[in-house]
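In the UniProt record's numbering, the protein residues as written are 1 to 230.
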């Protein structure tokens, strides 16, 4: 007995199975939004895509680090701005105390405010940002790219710098008499000059971080474009 095989039926079945497989692959791509759903779709492309996506993730983390570094320097600059205002007022008080027409009682009142401003400067020196001291002798490394390279921010030491010492140590200076007021005025002018230098340094750091952030955004954009073409 001879059993005939329906070749046309087999061909039709194979074509139908292939069509269903292609349809399933297309639906998977549409639902996932990805060209490569499984390794067999494009083994080499999947490997390249995985590496690129890994770099994109690192770029995202670096962007977060740079943004935190910007927040750090902006906080430093904001505090330095308040110190600048305090020093200006201390200079005004010293000038008022130099007035020979003022009585000792007047100078005592000026001295009281001067001391309060000294305490303000001293307390500012101990401020923290997320548990990290804002003002210290140690610079803060900021990660600026996906390879882990760092950039050191500018350390600002209020407690150790001579320009700020008179404001930290409330017993080292005062404006209770004309002589001490003249000395205090010189110290205040020096402190204001130091604040200007420190704020300029912070501005330079912020500029560097801004450019680093721009580079990271460009890198991320092009990496994402490369992934989309795979």
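Using N, Cα and C, we set each Cβ at its ideal position, and we do this for glycine too.
Item                                                                                                                                                                       : Value
Quick check on the burial criterion: 16 or more other C-beta atoms within 10 angstroms. Buried or exposed for residue 118?                                                 : buried
If you reduce the DSSP assignment to three classes, tell me which class residue 143 lands in.                                                                              : strand
Can residue 65 and residue 13 be called in contact, C-beta distance under 8 angstroms?                                                                                     : no
Helix, strand or coil for residue 188, going by three-state DSSP, please let me know.                                                                                      : helix
Does the structure place the segment 97-110 close enough to the segment 206-221 that three or more beta carbon pairs sit under 8 angstroms?                                : no
Check whether the segment 144-159 touches the segment 201-215, counting contact only when three or more Cβ pairs, one atom from each stretch, lie closer than 8 angstroms. : yes
Would you call the segment 179-192 in contact with the segment 87-94, where contact means no fewer than 3 C-beta pairs closer than 8 angstroms?                            : yes
Does DSSP put residue 135 in a helix, in a strand, or in coil?                                                                                                             : coil
Is it true that the CB of residue 164 sits closer than 8 angstroms to the CB of residue 200?                                                                               : no
Look up residue 128 in the DSSP assignment and give the residues it is bridged to.                                                                                         : 133
Excluding the 5 residues flanking residue 175 on each side, which residues of the same chain have their C-beta closer than 7 angstroms to its C-beta?                      : 93, 94, 97, 107, 110, 111, 114, 181 and 184
Given a cut-off of 8 angstroms, decide if residue 158 and residue 75 are closer than it, judged by their beta-carbon atoms.                                                : no
Just the Cα atoms here: how many angstroms apart are residue 193 and residue 129?                                                                                          : 25 angstroms
Rounded to the nearest angstrom, how far is the Cβ of residue 56 from that of residue 224, given a contact under 8 angstroms?                                              : 6 angstroms
Between the alpha carbons of residue 155 and residue 216, how many angstroms are there, rounded?                                                                           : 25 angstroms
For residue 44, does the count of other Cβ atoms within 10 angstroms reach 16, so buried, or fall short, so exposed?                                                       : exposed
Which residue's Cα is closest to the Cα of residue 137: 123, 196 and 152?                                                                                                  : 152
Does residue 187 pass the burial test, meaning 16 or more other C-beta atoms within 10 Å, or should it be called exposed?                                                  : buried
Indicate the three-state DSSP secondary structure (helix, strand or coil) for residue 99 in the structure shown.                                                           : coil
Whose C-beta lies closer than 7 angstroms to the C-beta of residue 195 among residues of the same chain, with five residues either side of it excluded?                    : 80, 83, 84 and 87
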